Amino acid sequence: MKRFVIVIIIVLAVCALWAGVWLFVASQIDTELAALESNDGVMAPRLECETRAVRGFPFQFAPRCEGARITSGDITLAVNSIYGTALIYRPTHMQLFAEGPAEISDAFTGSRQQLDWESLRASLRLSGSTIERFSVVGEELVWSDLLFGDTVLGAVEGAEIHLVEGGEGEAAGSVLDLFVRLEGAGMGGLQIANGQATLDGQLTAVPEMALWGDPRMAALWQANGGVLTVRALDAVAEGLSLSASGEMALDDNGLLMGSAEVQSQGVVERFGDFSDDPMAAMLLGRPDDEGVYSQTLSARGGQIFIGLLPMATVPPVF
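Numbering follows my numbering, in which position 119 of the sequence shown is assigned residue number 119; successive positions increment by one, without gaps.
Below, the structure written as structure tokens:
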């Protein structure tokens, strides 16, 4: 009988200790969410929730933010619900989910756009304080302009974005390989249907995750010598194809610099008589025997050049 009582006492003590640990960690998560709400939305993004809670006892931590609003400068992102979950014995692997639609508004320009989806989820796996893998997968995404009614700009049946740790030795944690895939893409305004695209790239000199919300993030990346390399971009749709590769970085003034080699087929033909216009050769290069256009794009001091011709100016990032 005594042994039975002792076992009961031990079980109750372990349960009480487990519950205490869970409640403590849950309160810390809630404190972090409250700290995000206290940000000014200018120097650091602000997350506001109509209601928030941390659930999942006893084996999970599942924070949930209903009626979420994320503000950064003039940009506001409103989402119906954002929630996540992490197992108590595997806290470095988190699953994230969002319920749409999401509305993006710009107080400066007055623009309002919406992204809706059937399913949108993400997975984050950490190795210490660095990303081991971050993935976002979405299904049936629809992008619309809400400024004048509800105009569909484009839709994608499936989308995937993956960031994978790509550094070794001293570069571990600061190099991320980037992979993107789009399937079933369509844009009525550009007569694009059944489009598919893949991107294979790499980001170097990525700052620590703790600094990702810092408004100086881009400046820190530039100061570290960060480079975005596009190893291969390939896009195909009915009657057209596009491929590109190159590198992009920022100069000391936050202005874009870099270069890219672009090949296209079927793009000029989408614009009627434009193929006979001398401007076509200037913008896309001249076609080879198979009808493939090749051109070099470059950026210096924030100006975009097509060949030697300046075509556009990109404002400084910082």
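The C-beta atom is built at its ideal place from N, Cα and C for all residues, glycine as well.
The model shown is predicted, which means the values in this text are computed figures rather than measured ones.
Asp74 places its beta carbon 7 Å or farther from that of Ala44. Note on Val314: under 16 other CB atoms within 10 angstroms of its CB, so exposed under the neighbour-count rule. Going by DSSP, Leu77 is part of the beta strand (DSSP E) stretching over 75–87.
Nearest in C-alpha terms to Ser245, of all of Val236, Asp252, Glu261, Arg64, is Glu261. Here Pro207 is not near Leu190, since their CB atoms are 7 Å or more apart. Positions of the alpha helix (DSSP H) runs, each at least 4 residues long and wholly inside the region 189–275, are given as 217–223 in order along the chain. In the structure shown, Ala13 adopts helical secondary structure according to DSSP, grouped into three states. Only exposed fits Tyr89, as fewer than 16 other CB atoms lie within 10 angstroms of its CB.
For Val317, the three-state secondary structure derived from DSSP is coil.
According to DSSP, residue pairing for Cys65 in a beta bridge involves Arg52, Ile82. In the structure shown, the three-state DSSP call for Asp289 is coil. Taking the Cα of Ala35 as reference, the smallest distance to any Cα among Gly173, Glu48, Ala68 is reached at Glu48. Secondary structure at Val25: helix, using DSSP grouped into helix, strand and coil. Sequence-distant partners of Ser241 (beyond 5 residues in either direction) whose C-beta falls short of 6 Å from its own C-beta, in its chain, are Gln265.
The beta carbon of Thr51 lies closer than 6 Å to those of Glu66 in the same chain, with the five residues before and after it left out.
With 16 or more other CB atoms across the displayed protein chains lying within 10 angstroms of its CB, Glu165 is buried.
Comparing alpha carbon positions, the residue from Ile82, Phe59, Gln60, Ala62 closest to Ile70 is Ile82. Non-local beta-carbon contacts of Val175 in its own chain, meaning distances under 6 Å to residues more than five positions away in sequence, involve Gly166, Gly167, Thr204 in chain order. In this structure Gln114 is buried. Its beta-carbon is surrounded by 16 or more other beta-carbon atoms within 10 angstroms. A straight line joining the alpha-carbon of Ala299 with that of Ser259 spans about 6 Å.
The C-beta of Val14 has fewer than 16 other C-beta atoms within 10 Å across all chains shown, which makes the residue exposed. For Gly186, the uninterrupted beta strand (DSSP E) segment begins and ends at 176–187.
CA-CA distance, Val156 to Leu120, rounds to 12 Å. In the three-state DSSP reduction, Ala107 falls in the coil class, being neither helix nor strand. For Glu132, the closest C-alpha among the options Asn39, Leu178, Asp145 is that of Leu178.
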